[in-house]
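The sequence shown begins at 5 in this note's numbering and counts up by one. In this text, a Cβ means the ideal position worked out from N, Cα and C, and glycines have one as well. Here the structure is laid out as structure tokens; the discussion comes afterwards.
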Amino acid sequence: MHRYRFVLSRPLQFLPVIFGISVITFILVRLIPGDPARNILGTRATPTALANIRAQYGLDQPIWLQYLYFLKNLANGEMGKSILYKIDVLKLIVTRIEPTVALVVASVLLSAAIAVPMAAIAARNSGRAPDHIVRIVSTFGIGFPPFWLGLMLIILFSVDLGVLPVSGYGETLGDKLLHLILPSLTIALSLSTVLTRSLRAAMIESLKSDVATAARARGMPENIVFWRHVLPNSLVPSINLLAVNIGWLIGGTVVVESVFALPGMGQLLVRAIFSRDYMVVQGVAMVFACATVFINFLADIVTVAADPRVTL
């Protein structure tokens with residue numbers, strides 16, 4: 005169990021990271037051009053009305069004092085009140101978590117379902133035509149922006165074929181899953197290209213390892229050698245790569261949710277930025293930051309559990 009001692013100390017190391025993210029987010033949000041009070045009241049608002057709105061939300065205070073209020077709210081389990089939605093930010097975020105979490109989970113599962121077979125085909129045919137095809141496809145896939153890919157999928161499956169919904173989230177479980185197909189496929193097609201290249205390289209190396217050679221010497225069939233020894237040993241680098249790309253994955257959900265009108269945290273963040281809703285932007289950014297840190301922490305635990313040689 006000594007290999008898991010980092011589980012006790014790692015959360016303490018994350019505190020400075022979260023603090024730094026909160027400071028940077030707080031400052032960058034207030035550098036966005038525009039006035040939240042004027043966005044609420046319109047261009048014909050009087051100076052008195054604008055001053056009242058700024059005083060109501062503490063926007064007339066020095067920025068360092070606003071940040072102290074923000075930290076105080078966080079310590080009390082609060083994130084302030086939304087200027088646009090007129091409700092507590094934390095309650096607002098809770099109502100938007102489900103679509104985003106569902107999109108991330110579906111995208112990761114779909115990425116694995118695409119990357120593992122493609123990497124296996126390429127690794128077992130290294131240097132031959134299937135390997136070259138997989139490498140070319142994965143190389144081209146990296147260059148496709150998610151928003152463009154999403155629009156192309158909408159045109160193909162929704163407009164031309166009419167088999168999948170264009171946007172929205174649905175009400176029932178089946179309807180929600182149906183609405184998640186195109187958004188998750190958009191992210192998965194981009195993420196799986198990166199995973200495929202990493203997994204292919206790891207599989208080729210594992211095929212030449214002493215473990216695989218010893219298994220073949222015992223008369224074990226090549227298929228069993230591959231799925232029992234090669235694949236498990238190849239997953240560890242891909243788990244770490246997925247954890248590193250989790251920030252990109254979350255950023256991808258922001259774009260994809262806007263393209264497909266999913267009522268998740270990404271769409272909430274975009275609308276809050278355009279409306280200068282500082283509290284919502286800070287709250288969503290903090291949730292995304294904590295989620296990224298937590299997922300990297302889980303990836304470390306999975307890595308140590310999967311490979312006894314790894315110590316953190």
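Spanning the alpha carbons of E209 and L177 requires a straight line of approximately 42 Å. Within the model, the alpha-carbon separation for V285 versus V234 is close to 44 Å. Burial state of H183 is buried, judged by a 10 Å Cβ sphere holding 16 or more other Cβ atoms.
Around the beta carbon of Q17, fewer than 16 other beta carbons lie within 10 angstroms, which makes this residue exposed. Bounds of any alpha helix (DSSP H) do not take in R232, whose DSSP letter is neither H nor E.
G131 and V109 have their C-alpha atoms spaced approximately 33 Å apart. In the DSSP annotation of this structure, the continuous segment of the alpha helix (DSSP H) that includes S115 starts and ends at 93–128.
Contact annotation, I250 with T296: C-beta distance approximately 5 Å; criterion of less than 8 Å satisfied. Two segments are said to touch when three or more pairs of C-beta atoms, one from each, lie closer than 8 Å; by this definition the stretch 155–173 does not touch the stretch 110–119. Distances from the alpha-carbon of T257 to those of V105, Y61, A59 put V105 closest.
For K76, the secondary structure class from DSSP, reduced to helix, strand or coil, is helix. Cβ neighbours of L45 within its own chain (closer than 6 Å, five residues either side excluded): A53. Cα atoms of L302 and N56: separation of roughly 46 Å, rounded to the nearest angstrom. Residue pairing for K85: DSSP places it in a beta bridge opposite D92. Taking the Cα of F148 as reference, the smallest distance to any Cα among I118, P169, L193, V167 is reached at L193.
Straight across, the Cα-Cα distance linking P150 with L107 is about 14 Å. Under a 10 Å Cβ-count criterion, E175 is classified as exposed, with fewer than 16 other Cβ atoms of the shown protein chains found around its own Cβ. With 16 or more other Cβ atoms inside 10 Å of its own Cβ, V288 counts as buried.
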